[in-house]
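To keep things clear, I will list the structure first and then write my remarks on it.
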Amino acid sequence: MMNQKLIERAARDLLTSKKTIAFTGAGISVESGIPDFRSAGGLWEKFDPEEYAHIHAFYANPEKVWLMLKDMFTLVMTAKPNPAHLGLAELERMGLLSTIITQNVDGLHQAAGSKNVIEFHGSHRTLSCLKCGTTTDGTLLQIEDLPARCPHCSSLLKPDVVFFGEPIPPGAQATSFRESRSCQLVLVVGTSAVVYPAASIPIMAKEAGATVIEINMEPTPLTGHVSDYLISGSAGKIIPAIVEEVKRQR
Ligand code: NAD
Ligand code: ZN
């Protein structure tokens with residue numbers, strides 16, 4: 153395999169690190185059928201995220217934003233974890249991965265069996281009413297009944313995902329920053345690393361002395377600056393290959 157040397161190096165780094173975290177983005181879920189912001193032919197060609205995923209857009213025209221949310225909801229509710237999610241869950245069970253910090257809102261890390269997951273940008277699995285604060289379990293909603301309305305005041309509900317222009321959930325941010333400053337190794341998987349403050353996680357880790365491994369289809373602003381090395385290709389192939397190599401080496 154093309155990346156074999158780097159996969160062996162990643163396995164060695166995992167086996168020698170006392171604390172490893174993963175920082176994941178939309179790219180890890182592409183092989184589960186959820187498009188990222190970049191890939192061609194996806195949801196985001198139809199809906200410009202700058203326009204649809206901004207909290208001002210939701211306040212100004214929730215019906216319009218729900219056209220996009222309905223598509224996203226359908227994808228998220230039907231997607232299944234892929235070998236990349238499953239591989240990270242296996243690393244956790246082996247005692248080699250302490251935390252996943254994800255920018256994704258699809259719940260696929262938990263579905264894969266990962267226990268310690270921080271959802272930096274919230275989740276699609278619950279929805280809240282911006283008028284009265286009622287929270288609803290999204291997994292109970294029927295896709296045909298969307299957009300969802302508040303059972304108390306019948307306003308349109310908003311999924312508990314962090315829109316552009318909204319703050320990061322304070323607990324998620326504080327814990328993530330603590331994790332990134334205290335780890336020895338970060339696996340950065342499937343993120344373009346341009347959305348802040350999320351993208352500061354691998355940078356903080358690096359500044360605190362951690363090794364940073366990037367697994368991505370293409371280079372990012374971290375490549376060659378923050379990341380020690382890039383293993384380029386599909387996360388669904390690379391992560392299981394690393395897990396196999398870890399088992400072989402230990
Ligand atoms: P992004 O779309 O900006 O970048 C995705 C990165 O993953 C790109 O660098 C791409 O080359 C890479 N990639 C694509 N397919 C890959 C694969 N199979 N294996 C490895 N790498 C692959 O995503 P981002 O950095 O996460 O930023 C987008 C924002 O949008 C995030 O805040 C996220 O919350 C949100 N978002 C979430 C989902 C989801 O929950 N699944 C989907 C789309 C967007
Ligand atoms: Zn309400």
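Here the sequence shown is numbered in our numbering, starting from 153 and rising by one per residue. Think of the CB as a built atom: it goes at the ideal place given N, C-alpha and C, for glycine as much as any other residue. No experiment lies behind these values; they were computed from the predicted model shown.
Strand pairing of Y381, partner residues [DSSP]: Beta-bridge pairing links Y381 to I365.
Among I180, K389, E359 and L293, the one whose alpha carbon lies nearest that of R277: For the options I180, K389, E359 and L293, the alpha carbon positioned closest to that of R277 is the one of L293.
P311 to T291 span [Cα, whole Å]: Using only the alpha carbons, I get a separation of about 11 Å.
8 Å contact criterion, which V338 and I173 should meet: CB distance rounded: The beta carbons of V338 and I173 sit about 6 Å from each other, so the pair counts as a contact at 8 Å.
H206 (DSSP reduced to helix, strand or coil): In this structure, H206 counts as strand in the three-state DSSP scheme.
Chain-ordered residues, beta carbon under 6 Å from a heavy atom of the ligand ZN: Listed along the chain, these residues meet the criterion: C281, K283, C284, T286, C302, H304, C305 and S307.
Spatial neighbours of L221 in its chain, beta-carbon cut-off 8 Å, leaving aside the 5 residues before and after: L298, P299 and P311, listed in sequence order.
N- and C-terminal bounds of the alpha helix (DSSP H) containing D165: Taken as a continuous stretch (DSSP letters only), the alpha helix (DSSP H) holding D165 covers Q156 to T168.
E296 classed as buried or exposed, judged by whether at least 16 other C-beta atoms fall within 10 angstroms: Burial call: exposed.
7 Å CB neighbourhood of T375 in its chain, flanking five on each side removed: So the qualifying residues of the chain are E366 and L382.
Beta-bridge pairing of K310 - partner residues as DSSP gives them: In DSSP, K310 forms a bridge with S280.
Start and end residues, beta strand (DSSP E) containing I270: From DSSP, the beta strand (DSSP E) with I270 extends over V269 to E271.
Distance, G285 Cα to H304 Cα: About 10 Å.
Coil, strand or helix - I353 by DSSP: Look at I353 here: in three-state DSSP terms it is helix.
Cβ-based burial, N234 [other Cβ within 10 Å; buried from 16]: That one is buried.
contact_flag[the segment 202–219, the segment 242–254] where n(CB pairs < 8 Å) is 3 or more: Fewer than three Cβ pairs drawn from the segment 202–219 and the segment 242–254 lie within less than 8 Å of each other, which leaves the two stretches out of contact.
The ligand NAD heavy atom lying under 7 Å from the CB of A345: Under cutoff, so the answer is yes.
Closer than 7 Å: H237 CB and nearest the ligand NAD heavy atom: Answer for H237: no, Cβ out of range of the ligand NAD.
Three-state secondary structure (DSSP) of D200: Under the three-state reduction of DSSP, D200 is assigned to coil, being neither helix nor strand.
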